[in-house]
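*Asks:* Here's a structure for you.
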Amino acid sequence: MTLDLSRRSAAGLIAGAALAPLIAPAARAGRVLDLRASGGFQPVAVAVAPFAGDEAARTLTSVIVNNFNRSVFLRPIEPGGRPEQAAASDGAPELDLYRSLGAQYVVTGRAQRGPDGRLKTEFRLFDVATGEQAAGQQYVTEAAFARRVAHLVSDAVFTRITGEKGFFDTRVVFVDESGPKERRRKRLAIMDQDGANVRYLSRGDDLVVTPRFSPSSQDVTYMSFGAGDPKVLLLSIESGQREVVGNFPGMTFAPRFSPDGQKIVMSLSQGASTNLYAMDLRSRTTTRLTDTNAIDTSPSYSPSGAEIVFESDRGGSQQIYVMSANGGGARRISFGPGHYSTPVWSPKGDYIAFTRQSSGAFGIGVMKPDGSGERILTEGFHNEGPTWAPNGLFLMFFREPGGQSGAKIHMVDVFGRSEFPVPTPSYASDPSWGPLQD
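Remember, this note's numbering sits 1169 above the position in the sequence shown when you count from 1.
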């Protein structure tokens, strides 16, 4: 496996190769966690031995432990100062030690610079029950990419234990908010999923809202309000190149990408009504999808691209509807108390996330595409804007507590088991979770 990081550094390459098992595996090495187990669900305990090496090794260990702490399904155990012979990753760990700590898996590794200054990182994952190596990988990279290697290690471990794709090697675009509440400066920003490596993508001269990450590339679309009409902009994170997709007076929401990144779907207001349109990004041709006197907004494609979920007040109040991606008849799927908004289809296709306002509270919830199985994951004074991790197991959203304070980003798993704040330099809103990096 070779990952090209040239967008961050001209010489930035990570080369990866699997490490051969120290012990020949049996027919079934390791276990797969049932993520959907109810009642007696317990996360898998994973001991993370301190990686051998210099400062980069300490960074790797710290980031991996932090990732597992926020993973919901894995529980990290740090051996601390106990004797440990396996931190160098080239020998089997003392499994009796980790068994006494209650660990089900053990991660060992080392990170050290070679004569050329590049960082060589190795890790191995051992199953305590069988004593076998369940996974192992080696990476060679520029030293500046130690944190990203830690995310790759975390993803490899998460996938091996849960059977699901990882989500650690991802980024989130959001709106950074600073200044007093009545004069907030809103800048487009991007960060790693754990809040690290924040980088600003706009200067704050114009108001930016509702950024949306492409599910298939490192591109972002967002709305910009300057001196003239609101503009829909397309930004390449890799090159920094921006282009105006179009000037659409009265647009209410930024467009969202289709799963293949070739189209965007958006809402345009005309008089008292707002309808949905799709635009082909190659030809710039626009197709009208709805034709009502209602307000149809916040469209989102299904993973197959065959359907669109959106919110509409065509029935008298804001509710969620699903229709063909080519337009036509729409069916209502939300029937709980209150008003529904900001629906977003899961990348796995199994759920639609939404915001529900009821009895003075804003809840972030999920339902199946047919409207069944509705569950509220978290509630608060003002929660809004759910966005899915690329593996469909986690959501980010923003919460505003009221008063003179501002919004902050939070993360919750799709089963509502745990919720975490996502650290940002200042107030933050409108997160959009990007795909796994190439």
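C-beta atoms are modelled at their ideal positions from N, C-alpha and C, and glycine is treated no differently. None of these values were measured; they are calculated from a predicted model.
Just list the residues that DSSP pairs residue 1478 with in beta bridges.
*Replies:* 1469 and 1491
*Asks:* Which residue comes first and which comes last in the alpha helix (DSSP H) that contains residue 1238?
*Replies:* 1224 to 1238
*Asks:* Tell me whether the beta-carbon of residue 1283 lies closer than 8 Å to the beta-carbon of residue 1291.
*Replies:* no
*Asks:* Taking just the CA atoms, how far does residue 1498 sit from residue 1595?
*Replies:* 43 Å
*Asks:* With DSSP collapsed to three states, give me the class of residue 1520.
*Replies:* coil
*Asks:* What is the DSSP secondary structure of residue 1350, counted as helix, strand or coil?
*Replies:* helix
*Asks:* Whole-angstrom Cβ separation of residue 1276 and residue 1218, contact assumed at under 8 Å?
*Replies:* 7 Å
*Asks:* Is the region 1334 to 1346 touching the region 1355 to 1368 in the sense that three or more CB pairs, one from each, lie closer than 8 Å?
*Replies:* yes
*Asks:* Can you find the residues in the same chain that come closer than 6 Å, C-beta to C-beta, to residue 1581, ignoring five residues on each side of it along the sequence?
*Replies:* 1546, 1547, 1564 and 1588
*Asks:* Would you tell me roughly how many angstroms separate the C-alpha atoms of residue 1338 and residue 1462, rounded to the nearest one?
*Replies:* Our two residues, residue 1338 and residue 1462, have alpha carbons roughly 43 Å apart in a direct line.
*Asks:* Would you call the CB atoms of residue 1445 and residue 1319 closer than 8 Å?
*Replies:* At the C-beta level, residue 1445 and residue 1319 stay beyond 8 Å of one another.
*Asks:* Give me the Cα-Cα distance between residue 1603 and residue 1316, rounded to the nearest whole angstrom.
*Replies:* 18 Å
*Asks:* Helix, strand or coil for residue 1556? Go by DSSP, reduced to three states.
*Replies:* strand
*Asks:* When the Cα atoms are used, what is the spatial distance from residue 1387 to residue 1238?
*Replies:* 27 Å
*Asks:* In the DSSP assignment, the beta strand (DSSP E) including residue 1323 goes from what residue to what residue?
*Replies:* Unbroken run through residue 1323 is the alpha helix (DSSP H), 1315 to 1331; no beta strand (DSSP E).
*Asks:* Assuming residue 1390 contacts residue 1402 (C-beta within less than 8 Å), just tell me the rounded distance between them.
*Replies:* 7 Å
*Asks:* Could you pull out every residue in the same chain whose Cβ sits closer than 7 Å to the Cβ of residue 1590, ignoring the five residues on either side in sequence?
*Replies:* 1577 and 1579
*Asks:* Write down the C-beta distance between residue 1326 and residue 1294 rounded to the nearest angstrom, noting that I regard them as a contact closer than 8 Å.
*Replies:* 5 Å
*Asks:* What residues in its chain sit with their C-beta under 7 Å from that of residue 1410, if we drop five residues either side in the sequence?
*Replies:* none
*Asks:* Taking residue 1566 and residue 1533 to be in contact with their CB atoms under 8 Å, please state how far apart those CB atoms are, rounded to whole angstroms.
*Replies:* 5 Å
*Asks:* List the endpoints of the continuous alpha helix (DSSP H) containing residue 1266.
*Replies:* 1264 to 1269
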